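A.B. asks: Start counting the sequence shown at 1; every next residue gets the next number (the UniProt record's numbering).
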Amino acid sequence: MNRGIALAAFAPVVWGSTYVVTTELLPVGHPLFAGLLRSLPAGLVALALTKTLPRGAWWGRAAALGVLNIGLFFPFLFIAAERLPGGVAATLGAAQPLVVALLAVGVLKESPSAWRLAWGVAGAVGVGLVVLGPAAGFDVVGVLAGLGGAATMALGVTLTKKWGRPAQAGPTAFAGWQLTAGGLFLVPVTFVFEGAPPAIGLGALAGYLWLGIVGGLLAYVLWFRAITTLPVTSVSMLGLLSPMVAALLGVVVLGQTLDAVQLTGFALALTAIVASQRPARQQPRSSLRTTSPSSSVSPVGTNP
Numbered sequence: 001m002n003r004g005i006a007l008a009a010f011a012p013v014v015w016g017s018t019y020v021v022t023t024e025l026l027p028v029g030h031p032l033f034a035g036l037l038r039s040l041p042a043g044l045v046a047l048a049l050t051k052t053l054p055r056g057a058w059w060g061r062a063a064a065l066g067v068l069n070i071g072l073f074f075p076f077l078f079i080a081a082e083r084l085p086g087g088v089a090a091t092l093g094a095a096q097p098l099v100v101a102l103l104a105v106g107v108l109k110e111s112p113s114a115w116r117l118a119w120g121v122a123g124a125v126g127v128g129l130v131v132l133g134p135a136a137g138f139d140v141v142g143v144l145a146g147l148g149g150a151a152t153m154a155l156g157v158t159l160t161k162k163w164g165r166p167a168q169a170g171p172t173a174f175a176g177w178q179l180t181a182g183g184l185f186l187v188p189v190t191f192v193f194e195g196a197p198p199a200i201g202l203g204a205l206a207g208y209l210w211l212g213i214v215g216g217l218l219a220y221v222l223w224f225r226a227i228t229t230l231p232v233t234s235v236s237m238l239g240l241l242s243p244m245v246a247a248l249l250g251v252v253v254l255g256q257t258l259d260a261v262q263l264t265g266f267a268l269a270l271t272a273i274v275a276s277q278r279p280a281r282q283q284p285r286s287s288l289r290t291t292s293p294s295s296s297v298s299p300v301g302t303n304p
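Right, dumping it as structure tokens:
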């Protein structure tokens, strides 16, 4: 496997632990607070390490990307994880590669790729077979949160690819801008809708540290680096690893089992992920790119 793809895959693999950490360690009923602790401390650490701030138009761009990729996505993620038992949240999230594929045509001016669209559908079906079952719950708020998370993250990923990364910012600084912007967005929202923070025991503290340091700072540094250097639809397909890891953790940690249908879905989703990394013959190869604060960015002609 390409080293860049392997590093990019680290992020969704780690994110696959979010469901079990949320349900087993975090206080119930505080999804906004969980999103805040996952983003703002990690973002401030990244800014302290890099000592690099946005310039010019990048203040607005970093704020927009931070709200989409972090500030809105995290609450949607935790709300869905709390309200949708049985893996429904993961299945809704699996729609993200399809949304990215459509946005890539409209926003990035890429040629439609039947190859990646077909494997995106196959991957979503595979994930559905793995995590959906007769006992799956379809709470309306949870479903809307799952769809909202898929949509906001897809738009954030697409705009990240369109705008590139400014030349003065490395991957850590770039992730720090977005984590900080998303966290600052969540500060007033959290206290308006959830009030005072919950009591935090040792288990919850361990969960927040894992989600913030490993699932936040480290994972997003690698994720945003991948988005700016790899085809966007290929990277988004790697997101299917998250619900699959969640299913495996359900087996290992929670004592759940996978039947023949689920194993078939697992194989289908893995096949879709691998196949989607192959470039479509009709499309030009994606080029590496960073941008200076004053330069304009032309749309990229390929996909992750």
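C-beta: ideal position from N, C-alpha, C; glycine also. For clarity, every value in this text was computed on a predicted model and none was experimentally measured.
Would you be able to state if there are at least three C-beta pairs under 8 Å between the stretch 26-35 and the stretch 151-162?
C.D. replies: Segments in contact, no.
A.B. asks: By a C-beta neighbour count over all protein chains shown, 10 Å radius and 16 as the cutoff for buried, is Gly60 buried or exposed?
C.D. replies: Along the sequence shown, read from residue 1 onward, the residue named residue 60 stands at position 60. Exposed.
A.B. asks: Specify the secondary structure class of Pro75 as computed by DSSP and reduced to three states.
C.D. replies: As a working mapping, residue 75 is identified with position 75 in the sequence shown. In the structure shown, Pro75 sits in a helix (DSSP, three-state: H, G or I).
A.B. asks: Can you tell me the Cα-Cα spacing of Pro231 and Leu209, whole angstroms?
C.D. replies: Taking the first residue of the sequence shown as position 1, residue 231 is located at position 231. Taking the first residue of the sequence shown as position 1, residue 209 is located at position 209. The straight-line gap from Cα to Cα measures roughly 31 Å.
A.B. asks: Could you pull the start and end residues of the alpha helix (DSSP H) that Ser242 belongs to?
C.D. replies: Taking the first residue of the sequence shown as position 1, residue 242 is located at position 242. Note, Ser242: alpha helix (DSSP H), Leu241 to Val252.
A.B. asks: Thr18 and Gly215 look like a contact to me (Cβ under 8 Å); what is the Cβ gap, rounded to whole Å?
C.D. replies: Here residue 18 is taken as the residue at index 18 of the sequence shown, counted from 1. Here residue 215 is taken as the residue at index 215 of the sequence shown, counted from 1. Right, their Cβ atoms sit about 7 Å apart.
A.B. asks: Can we count Gly265 as close to the ligand FMN, meaning its CB is less than 8 Å from some heavy atom?
C.D. replies: No copy of the ligand FMN occurs in the structure displayed, which carries no ligand at all.
A.B. asks: With Leu222 and Ala11 assumed to form a contact (beta carbons below 8 Å), what rounded beta-carbon distance in angstroms separates them?
C.D. replies: On the sequence shown, residue 222 is found 222 positions in, with the first residue counted as 1. On the sequence shown, residue 11 is found 11 positions in, with the first residue counted as 1. Rounded, the Cβ-Cβ distance is 5 Å, consistent with contact.
A.B. asks: Just how far apart, CA to CA, sit Arg165 and Gly56?
C.D. replies: As a working mapping, residue 165 is identified with position 165 in the sequence shown. As a working mapping, residue 56 is identified with position 56 in the sequence shown. Each residue's alpha carbon lies about 13 Å from the other.
A.B. asks: With DSSP as the reference, identify every bridge partner of Pro31, one or two as the case may be.
C.D. replies: By one-based count along the sequence shown, residue 31 stands at place 31. Beta-bridge pairing links Pro31 to no other residue.
A.B. asks: Within 10 angstroms of the Cβ of Arg3, are there 16 or more other Cβ atoms? Answer buried if so, exposed if not.
C.D. replies: Translated into the one-based positions of the sequence shown, residue 3 becomes position 3. By the neighbour-count rule (16 or more Cβ atoms within 10 Å), Arg3 is not buried but exposed.
A.B. asks: Using beta-carbon positions only, say whether Ala122 and Ala272 come within less than 9 Å of one another.
C.D. replies: For the purposes of this step, residue 122 is taken as the residue at position 122 of the sequence shown. For the purposes of this step, residue 272 is taken as the residue at position 272 of the sequence shown. Yes. Within cutoff.
A.B. asks: Below 9 Å between beta carbons: does that hold for Leu240 and Ala124?
C.D. replies: Stepping through the sequence shown from its first residue, residue 240 is reached at position 240. Stepping through the sequence shown from its first residue, residue 124 is reached at position 124. Yes. Within cutoff.
A.B. asks: So for Ala46, helix, strand or coil by DSSP?
C.D. replies: Along the sequence shown, one-based indexing puts residue 46 at 46. It is helical.
A.B. asks: Please classify Phe266 as buried or exposed, where buried requires at least 16 other C-beta atoms within 10 Å of its C-beta.
C.D. replies: The residue labelled residue 266 in the question sits at position 266 within the sequence shown. Buried is the call here.
A.B. asks: So, at 7 Å on beta carbons, what are the nonlocal neighbours of Gly176 in its own chain, with the 5 sequence-adjacent residues on each side left out?
C.D. replies: Position 176 of the sequence shown, counted from the start, is the residue given in the question as residue 176. If we look at Gly176 and ignore the five residues flanking it on each side, its Cβ neighbours are Gly43, Ala46, Leu47 and Thr50.
A.B. asks: Since Val67 and Ala181 should fall inside the 8 Å C-beta cutoff, what is the C-beta to C-beta distance between them, to a whole number of angstroms?
C.D. replies: Within the sequence shown, the letter at position 67 stands for residue 67. Within the sequence shown, the letter at position 181 stands for residue 181. That belief holds up - the Cβ atoms of Val67 and Ala181 are roughly 7 Å apart, short of 8 Å.
A.B. asks: What residue from Ala34, Pro54 and Gln96 has the CA that sits closest to Val157's CA?
C.D. replies: Working through the sequence shown from its first residue, we reach residue 157 at position 157. The shortest Cα separation from Val157 among Ala34, Pro54 and Gln96 belongs to Gln96.
A.B. asks: With distances taken from CA atoms, which of Ala9, Ala206, Gly120 and Lys109 is nearest Gly159?
C.D. replies: Position 159 of the sequence shown, counted from the start, is the residue given in the question as residue 159. One detail in the question is off: residue 159 reads as Leu in this sequence, not Gly. Checked all of Ala9, Ala206, Gly120 and Lys109; the closest Cα to Leu159 is Lys109.
A.B. asks: Taking the alpha-carbon positions, what's the Leu144 to Val99 distance?
C.D. replies: By 1-based counting over the sequence shown, the position of residue 144 is 144. By 1-based counting over the sequence shown, the position of residue 99 is 99. Whole-angstrom Cα-Cα distance: 15 Å.
A.B. asks: Could you give the distance in angstroms between the alpha-carbon of Ala9 and the alpha-carbon of Ala226?
C.D. replies: For this step, residue 9 is matched to residue 9 along the sequence shown. For this step, residue 226 is matched to residue 226 along the sequence shown. Between Ala9 and Ala226, the C-alpha separation is close to 9 Å.
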